[in-house]
Each structure stands twice: as C-alpha cells, then as structure tokens.
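See structure below.
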Amino acid sequence: MTSQQIELSSGTLHVEIQGSGSPILFVHGFPLDGRMWDAQVERFSQDFQTIVPDLRGFGKSGSVAPGEVLGMDRYADDLNELLDRLGVTEKICFCGLSMGGYVTWQFWKKYRDRLNSLVLCDTRAVADSDEAKENREKTAKMVEERGNDPLAEAMSPKLFAPQTPSDVLSQVGEMIREASVGGVAAASRGMATRPDVSDWLGEIDLPCLLVVGEHDAISSPAEMKEIAESISGSRFVEIPDAGHMSPMENPKAFNAALADFLS
Ligand code: MLT
443 MTSQQIELSS GTLHVEIQGS GSPILFVHGF PLDGRMWDAQ VERFSQDFQT
493 IVPDLRGFGK SGSVAPGEVL GMDRYADDLN ELLDRLGVTE KICFCGLSMG
543 GYVTWQFWKK YRDRLNSLVL CDTRAVADSD EAKENREKTA KMVEERGNDP
593 LAEAMSPKLF APQTPSDVLS QVGEMIREAS VGGVAAASRG MATRPDVSDW
643 LGEIDLPCLL VVGEHDAISS PAEMKEIAES ISGSRFVEIP DAGHMSPMEN
693 PKAFNAALAD FLS
C-alpha cells in the first residue's frame, strides 16, 4: 500500500493506492473519508489497482478555507487532477457512495473519456428540496459553532440498518468526528448547490452498477431503482442487512455484487 500526499494546483489530497491492474477509484460519502472502503480495498486490490482518496477537507487531505463552498464539480476537478498527477492513463471504474455518487455524475459529465464503468452506491440524482437546502446551511453553521460531535449524533440514526454491528457505527462516528469543520461546512453548502442530473441518466452509455442497502433511509431502494431504470443496460443490486453505508455494513454482499459486475 502506498499512502501519498499529492499536491494539486491548489491544495493537497491524500490518497491510498494498493494492488495493480485495472484502476478502481473509490470516492467516499459525506462527512467521511477513504477508510470507509477498507473492506473493498482488501478484496479488490488482489486483482485491481485500488485508488482511494480523501476528498478536499476530509481525512488526511488539505484543509478548506473558512466560508468556502465546494460544488460537486470541484471535487470532480480535484479527482481528475489527482489521476493526472498519479499518471493514471488507463480508463477507470469510478465507484462513489452518496456524496461520492454526486461527484460521480459530475465526473462523468466533465471527464467521461477517463471512464470505463460506473458504480453508484446509495446515492441520488435529484437536487435538494428547499427544505433540504436550508438544513444544509443549518448543518454548516452548527459544525462551525459547535464542532462535528452534534453532527455525528444527528447522522448516526439515519445511516444504518437496525442489525448493523456496533463496530461499524463506531468507525463511522470516528470518521465524522475527525473530519475538518471547514471541509464539512464547505461540502454541506456544496451539496445544496448541486443540480438535478435526472436528465443526464439517459445519456450514460457505460456499464453501470447501482447498489443500495435495503434499509437505506437517505437514498431509498425505490429511488435508486428508478435511477437504474433510466440508465440503459444498468444493473441494480439491493444489499440485504444494510442501510446507507452498504459497503461497510454488509461488505460480503457488496463485494460479491461488485466482483460480479467487474467480471
Ligand atoms: C452522504 O452519505 O454522502 C450523505 O448522506 C449525502 C447527503 O447528505 O445527501
């Protein structure tokens, strides 16, 4: 495994790279970091090159200026630059969860020549409602005033299936608490600005896997099935005993679905 700090034209991204072969880029959700993909790295680095960044402001990546708003296209630009700096010329499989999925849509729009397939996990295609946008601003202000602890408490009940083991809850709580306040606020405000991409779905002509936890309370199986139905030839898999964090909650079923798709 190599851990690297990569200098971009502005800021620094942390990335973990393991294995060799066709590259898979794993992009984490909000407000987490690349560690959420540990079970996938362990399995897929045997046959692929796994590239797992921490998005700007999260994990060990560089900080974000106070008051900055990071649109999903900014993260996509960072990842494109990261792949350039790493010298990745082979087409990649882009696998994003939730906010990582919002970034996937933007990456596909801007950099589709870099892609050979897409994996969208527990994510949405629609924009935020007005109420959700207001809540994003409340979240940003809350962490700026009180730190990430109240966010970890507020998010936990929405993220998991009832049967999810407590060590997964603790790992996720730890990632939320360790995220930088500036990164969380910038991403929260950035998600509020993201567009509805439903009209793009019919244009996607790459092999595409859509994965959702059966108990996902944020991006429901019904909503993800609708996305799958709009992407011609895509595959839809519901993961049992999992909520919004399906790759962590049921890594066995998640990895089986991903392995099947990649083969
Ligand atoms: C995530 O897991 O990235 C978030 O739940 C996305 C969101 O809040 O819309």
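Using this note's numbering, read the sequence shown as starting at 443 and increasing by one per residue.
C-beta: ideal position from N, C-alpha, C; glycine also.
All of these numbers come straight from a predicted model, not from anything done at the bench.
Between the alpha carbons of E458 and P495 lies a gap of roughly 6 Å.
Burial is judged here by how many other beta carbons sit within 10 angstroms of a residue's own beta carbon; D515 has at least 16 and is buried. By the Cβ neighbour-count rule, T531 is exposed, with fewer than 16 other Cβ atoms within 10 Å of its own. The beta-bridge partner set that DSSP reports for P495 consists of V457. Between the region 550 to 567 and the region 482 to 493 there are fewer than three inter-stretch CB-CB distances shorter than 8 Å, so the stretches are not counted as touching. P663 and S503 have their C-alpha atoms some 32 Å from each other. Taken in chain order, the whole beta strand (DSSP E) runs of length 3 or more contained in the region 580 to 604 number zero. CA-CA distance, S451 to V545, rounds to 19 Å.
I466 and R527 do not touch by the CB rule: their CB atoms are close to 18 Å apart, not below 8 Å. For the options R636, G461, F472, the alpha carbon positioned closest to that of I493 is the one of G461. Comparing C-alpha distances from T635 to each of E579, E484, N522 shows the shortest one belongs to E579. Note on the region 623 to 648: whole alpha helix (DSSP H) runs with a minimum of 4 residues are 623 to 634, in chain order. Between the C-alpha atoms of G513 and G625 there is a straight-line separation of about 12 Å. A distance below 8 Å separates the beta carbons of V653 and F696. Counting only the Cα atoms, S661 lies some 10 Å from L539. With distances taken between CA atoms, D572 lies nearest to D638 out of A698, L560, D638.
A direct Cα-to-Cα measurement between I618 and A596 gives close to 11 Å.
Around the beta carbon of T444, a 10 Å sphere encloses fewer than 16 other beta carbons of the protein chains shown; the residue is thus reported as exposed.
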